[in-house]
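Quick notes on the structure that follows.
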Amino acid sequence: MANFTQDFSAPGAGTITDFNPSEDTLDLQGFGGNPDFSEISVTSTDGGTVIGFGGNSTLFVEGVTPDQFRPGNVTIDGRELKVGPSGRDLGSIVKDLAEGNDLLSGGLKNDTFDGGAGDDVIRGQMGHDYLKGGEGDDQLFGMRNKDTLEGGAGDDLLDGGRGIDRLDGGTGDDTLIGGGANDFLTGGEGSDTFVQNFAVSGNDIITDFNPS
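When the sequence shown is numbered by my numbering, its final residue is 258 and no position is left out of the sequence of numbers.
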């Protein structure tokens, strides 16, 4: 099992000659905190797959077709990929990301995600994460540790999970779930729904509840 990395932050052309999609992993790096996924291309060519970014940086993976790259063996800047509506292969996932459907998931470190426009699904996983949905009807999941979730515009679902979290729905009719521990919930503008689970420990604070 091998772990390959390719840095797209500078112009250049890389080649991998012995990638095994059944056991190896590939981390595509150098895109920054909020990459423009429309600049990423996945192209089938004679003898393999070319992954490009911005027209100046490419990676040729010999002997592997685009449909052999799956969420389990490709990450972007260390972030796991999730299956989108277009399909499981890397080309379809990149297409969904470019259309504004964010399908990224964090890892063990402290992650920062900005979904931007589109209906996003963002999971922080481990670490103290900052998740921002932006425009659209987003689903944000903090998962573990102390996270900050901001829904932005749209009807969003914010679930803090474990840890002392801060949830801000923004504008729209949002649903806020604190989860375990002592959380701070702010609905923002709109008719929001606050969910309190008394089966888990924690004392949540709702900062702007308006019964009218």
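All C-beta atoms, glycine included, are put in the ideal place defined by N, C-alpha and C. On a predicted model such as this, the values are computed, not experimentally measured, just so you know.
Determine the closest residue to residue i out of the options, with distance taken between C-alpha atoms.
{"i": "Gly-225", "options": "Gly-200, Phe-54 and Val-241", "result": "Val-241"}
{"i": "Phe-106", "options": "Lys-178, Leu-213, Gln-52 and Gly-216", "result": "Gln-52"}
{"i": "Asp-70", "options": "Ile-86, Gly-218, Leu-204 and Met-47", "result": "Met-47"}
{"i": "Asp-202", "options": "Thr-194, Ile-223, Asp-219 and Arg-212", "result": "Asp-219"}
{"i": "Ser-68", "options": "Gly-101, Val-120 and Phe-255", "result": "Val-120"}
{"i": "Gly-209", "options": "Gly-216, Asp-166, Pro-257 and Val-246", "result": "Val-246"}
{"i": "Ser-7", "options": "Asn-66, Phe-65 and Gly-100", "result": "With the chain covering only 47 through 258, there is no way to say anything about residue 7."}
{"i": "Asp-82", "options": "Lys-141, Phe-244, Asn-66 and Pro-117", "result": "Lys-141"}
Return the chain-ordered list of same chain residues with a C-beta closer than 6 Å to the C-beta of residue i, the five sequence neighbours on each side being excluded.
{"i": "Thr-104", "result": "Ala-59, Val-96 and Gly-98"}
{"i": "Phe-50", "result": "Ile-62 and Leu-72"}
{"i": "Gly-324", "result": "Outside the shown range of the chain, which is 47 to 258, sits residue 324, and nothing can be said about it."}
{"i": "Ile-122", "result": "Leu-74"}
{"i": "His-174", "result": "Asn-156, Asn-191 and Lys-192"}
{"i": "Leu-213", "result": "Leu-195, Leu-204, Gly-206, Leu-222 and Leu-231"}
{"i": "Gly-162", "result": "Gly-180"}
{"i": "Glu-115", "result": "The residue you asked about is not Glu; residue 115 is Phe in the sequence shown. Around Phe-115: Leu-136."}
Along the chain, where does the beta strand (DSSP E) containing residue i start, and where does it finish?
{"i": "Gly-94", "result": "94-99"}
{"i": "Arg-125", "result": "125-127"}
{"i": "Arg-169", "result": "167-169"}
{"i": "Gly-60", "result": "58-62"}
{"i": "Val-120", "result": "120-122"}
{"i": "Thr-111", "result": "Element bounds for Thr-111: n/a, residue is neither H nor E."}
{"i": "Ile-223", "result": "221-223"}
{"i": "Asp-160", "result": "158-160"}
{"i": "Thr-217", "result": "Run containing Thr-217: none; DSSP gives neither H nor E here."}
{"i": "Leu-230", "result": "As written in the sequence, residue 230 is Phe, which differs from the Leu given in the question. Counting along the chain, the beta strand (DSSP E) containing Phe-230 begins and ends at 230-232."}
Who are the near neighbours of residue i in its chain, counting only those whose CB is closer than 7 Å to its CB and skipping five residues on each side?
{"i": "Asn-249", "result": "Asn-228"}
{"i": "Ser-90", "result": "Thr-111 and Pro-112"}
Looking only at its own chain, which residues have a Cβ that is under 8 Å from the Cβ of residue i, when we skip the five neighbours before and after it?
{"i": "Gly-93", "result": "Glu-108 and Gly-109"}
{"i": "Ile-251", "result": "Asn-228, Asp-229, Phe-230 and Leu-231"}
{"i": "Asp-211", "result": "Gly-188, Lys-192, Asp-193, Thr-194, Leu-195, Gly-224, Gly-225, Ala-227, Asp-229 and Phe-230"}
Name the one or two DSSP bridge partners that residue i has.
{"i": "Gln-52", "result": "Leu-74"}
{"i": "Phe-255", "result": "BP columns for Phe-255 are empty, so no partner."}
{"i": "Val-241", "result": "Ile-223"}
{"i": "Ile-86", "result": "Phe-99"}
{"i": "Leu-143", "result": "In the DSSP output, where bridge partners are listed per residue, Leu-143 has none listed."}
{"i": "Asp-205", "result": "Phe-187 and Ile-223"}
At 4 residues or longer, what runs of the alpha helix (DSSP H) sit wholly inside the segment 173-203? You should have found no qualifying run.
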